[in-house]
Amino acid sequence: MNILILGSGGREHALAWKISKSPKINKLFVAPGNAGTSKIAQNISLDPNDFKSVKKIIIDNNINYLIVGAEEQLVNGIHDYLLNCKDLKNLKIIGTKKEGAKLEGSKEFSKKFMNKYNIPTAKYSAFDKENFEKGVEFLEKLKPPYVLKADGLAGGKGVLIIDNIEEAKTSLKEMLNGKFGKASEKVVIEEFLDGIEVSVFILTDGKNYKILPEAKDYKRIGEKDTGLNTGGMGAISPVDFVDENFLRKIEEKIIKRTINGLQKEKIEYQGFLFFGLINVKNEPYVIEYNVRMGDPETEVVMPRIKSDLMDLLEGVANKNLNEKFLEFEKSAVSTVILVSEGYPLSYEKGKEIKGFENVKDSIIFHSGTKIEKGKIISKGGRVLAITSFGKDKNEALKKSYKNSEIIKFENKFYRKDIGFDI
Ligand code: AMP
Ligand code: GLY
1 MNILILGSGG REHALAWKIS KSPKINKLFV APGNAGTSKI AQNISLDPND
51 FKSVKKIIID NNINYLIVGA EEQLVNGIHD YLLNCKDLKN LKIIGTKKEG
101 AKLEGSKEFS KKFMNKYNIP TAKYSAFDKE NFEKGVEFLE KLKPPYVLKA
151 DGLAGGKGVL IIDNIEEAKT SLKEMLNGKF GKASEKVVIE EFLDGIEVSV
201 FILTDGKNYK ILPEAKDYKR IGEKDTGLNT GGMGAISPVD FVDENFLRKI
251 EEKIIKRTIN GLQKEKIEYQ GFLFFGLINV KNEPYVIEYN VRMGDPETEV
301 VMPRIKSDLM DLLEGVANKN LNEKFLEFEK SAVSTVILVS EGYPLSYEKG
351 KEIKGFENVK DSIIFHSGTK IEKGKIISKG GRVLAITSFG KDKNEALKKS
401 YKNSEIIKFE NKFYRKDIGF DI
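Shown next as structure tokens:
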């Protein structure tokens with residue numbers, strides 16, 4: 001089979017790494033990819049939002065499977081677009097159609113869905129510009145901190161958590177007036193949930209599902225989870241507090257009800273589904289759905305999957321996932337993200353990265369890198385994910401941290417407290 005993975009981050013490198021081990025693969029392509037993916041697959045330069053070009057690449061390279069890495073293309077309907085191309089009848093697509101992508105593409109849609117199917121989540125109400133005054137009244141009824149979310153996709157920046165009521169009202173006004181463009185024409189205001197977050201993933205064919213290893217992401221730039229939100233500064237899997245009992249609650253109250261809801265709504269969903277959860281007094285609540293894998297979570301989840309991922313993806317596409325087998329590695333996996341200093345605000349790019357040959361006991365997944373004149377250079381905020389196995393998380397983290405030092409580039413920064421519960 002010929003496979004095309006769409007995207008260019010650490011998530012796509014980790015997916016490519018796992019898929020490249022499958023005996024079912026003939027050729028593997030990543031578009032546009034990065035310096036890391038170019039070592040294990042063929043990179044194809046392309047804008048993933050240019051669906052016509054994606055189609056051309058699929059035809060030119062006899063692609064059998066397209067795996068869509070990021071939410072943007074799914075929300076914009078890449079699956080529906082390609083499905084309607086008469087000359088692409090045999091293409092299988094891992095990634096939901098537009099209707100299912102609304103679970104991530106519209107916070108209001110996902111909140112309504114969760115309420116309808118009795119899936120535990122924070123209480124909420126949604127407001128547009130005409131209802132600003134009602135929004136203010138709703139805020140006044142809540143206790144601080146106040147959680148304001150742009151309804152649409154806002155590149156991970158659309159959620160504000162504010163302590164002061166007057167500031168919350170001002171922010172509501174600013175959001176409705178276009179602070180996040182079209183994405184915040186509608187704003188979801190919700191109750192603040194106090195707890196610890198965990199990321200849980202499934203692969204589903206729309207009816208059957210497999211629960212993948214869970215992971216914990218460390219989102220803030222600063223240690224002890226302080227400072228600005230980032231795409232994610234590191235991750236571990238497994239997560240200590242996700243024991244059998246807690247996992248059973250997640251499956252019964254969240255996963256099964258979500259799959260049932262999708263079926264009742266006649267939303268065909270084939271692909272990864274990511275539940276952003278929060279543990280409040282040992283009860284799981286959904287903070288958000290994502291219609292893709294997480295980054296950096298994928299960099300710890302993929303190494304923990306022992307089974308052939310391509311075999312599972314065939315099960316997704318052919319709707320017989322129940323006949324497939326998923327086995328996990330018992331070991332713990334950690335990843336530490338090396339970023340360009342200044343991220344998530346402004347930072348310098350174009351720095352040469354050295355030391356790869358001295359790293360013996362970690363897997364290095366690339367995020368923002370490219371090859372220029374034979375050298376690997378940085379081209380993004382998140383640059384590399386230093387991923388390691390261990391008999392427990394401490395052993396894994398020790399290797400990730402040792403190798404985070406060995407890799408050198410100017411203005412390298414990373415958090416030193418990944419893996420500690422916060
Ligand atoms: P989201 O984009 O919905 O995942 O929100 C981004 C981050 O804001 C989450 O990862 C949480 O850390 C935080 N957050 C969102 N909603 C809530 C909530 N209702 N209570 C507490 N924290 C929240
Ligand atoms: N690491 C969180 C996300 O991918 O959304």
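Read in the numbering used here, the sequence shown has 169 at position 169, and its numbers run on one by one without any break. Even glycine gets a Cβ: it sits at the ideal position worked out from N, Cα and C.
Scanning GLY374, GLU341 and ASP47 for the CA closest to the CA of GLU410 turns up GLU341.
In the structure shown, the three-state DSSP call for GLU352 is strand. For SER367, there is no enclosing beta strand (DSSP E), since its DSSP letter is neither H nor E.
Straight-line measurement puts the Cα of ASN43 at about 14 Å from the Cα of GLU372.
Counting only residues of its own chain and dropping the five nearest sequence neighbours on each side, LEU160 has a CB closer than 6 Å to the CB of LEU148 and SER171. Of the heavy atoms belonging to the ligand AMP, at least one sits nearer than 8 Å to the Cβ of ALA122.
Between VAL286 and LEU277, the gap from beta carbon to beta carbon is short of 9 Å. For PHE192, the shortest C-beta to heavy atom distance toward the ligand AMP is below 8 Å.
For VAL159, the shortest separation between its Cβ and any heavy atom of the ligand AMP lies below 8 Å.
Distances between the C-beta of ASN229 and the heavy atoms of the ligand AMP include at least one below 8 Å.
The ligand GLY has a heavy atom closer than 8 Å to the beta-carbon of LYS219. If only uninterrupted beta strand (DSSP E) runs of at least 3 residues are considered, those enclosed by the segment 197-269 are 209-211, 220-222, 226-229 and 234-237. Separation of the CB atoms of ILE376 and ILE353 is rounded to 5 Å, and the pair is thereby assigned contact status at 8 Å. Uninterrupted beta strand (DSSP E) stretches at least 3 residues long and entirely within the segment 55-100 occur at 65-68 and 92-94, given in chain order. The straight-line gap separating the alpha-carbon atoms of VAL359 and ILE418 is approximately 19 Å.
Inter-residue distance for LEU247 and LYS21 is about 29 Å (C-alpha atoms, whole angstroms).
Setting aside the 5 residues that flank it on each side, ILE57 is surrounded in the same chain by LEU4, PHE29, ALA31, ILE44, LEU46 and ILE63, each with a C-beta closer than 8 Å to its C-beta; the list follows chain order.
The alpha carbon of VAL198 has as its nearest neighbour, out of PHE274, LYS266 and THR204, the alpha carbon of PHE274. In the DSSP assignment, ASN290 falls within the unbroken beta strand (DSSP E) covering 283-290. With a threshold of 8 Å, the Cβ atom of GLY105 does not count as near the ligand AMP, since no heavy atom of the ligand is closer than that. Taking all protein chains in view, the Cβ of LEU345 is surrounded by fewer than 16 other Cβ atoms within 10 Å, so the residue is classified as exposed. Excluding residues up to 5 positions away in sequence, ASP205 lie with their Cβ nearer than 6 Å to the Cβ of LYS319 in the same chain.
Across the structure, PRO145 and LYS351 are spaced so that their CA atoms are roughly 40 Å apart. For GLN270, the closest C-alpha among the options SER38, TYR65 and LEU193 is that of TYR65. The closest CA to that of LYS89, considering only PRO296, TYR81 and THR335, is found on TYR81. A distance criterion of 8 Å places the beta-carbon of GLY156 in contact range of the ligand AMP, judged by its closest non-hydrogen atom.
For the segment 304-344, the continuous beta strand (DSSP E) assignments of 3+ residues that do not extend past its boundaries occur at 332-340, in sequence order. Exclusion of ILE119 from the 8 Å shell around the ligand AMP follows from its C-beta lying no nearer than that to any non-hydrogen atom of the ligand. The continuous beta strand (DSSP E) containing LYS149 extends over residues 146-150. DSSP, read as helix, strand or coil, puts GLY33 in coil.
Spatial neighbours of GLY152 in its own chain (CB-CB distance under 7 Å, excluding positions within 5 residues in sequence) are listed in chain order as GLY105, SER106, LYS182 and ALA183. Under DSSP, THR121 shares a beta bridge with VAL286. Between ILE386 and SER362, the gap from beta carbon to beta carbon is short of 9 Å.
When beta bridges are read from the DSSP output, ILE162 appears opposite TYR146. Under the three-state reduction of DSSP output, PHE275 falls in the strand class. Across the structure, ILE162 and ILE67 are spaced so that their CA atoms are roughly 37 Å apart.
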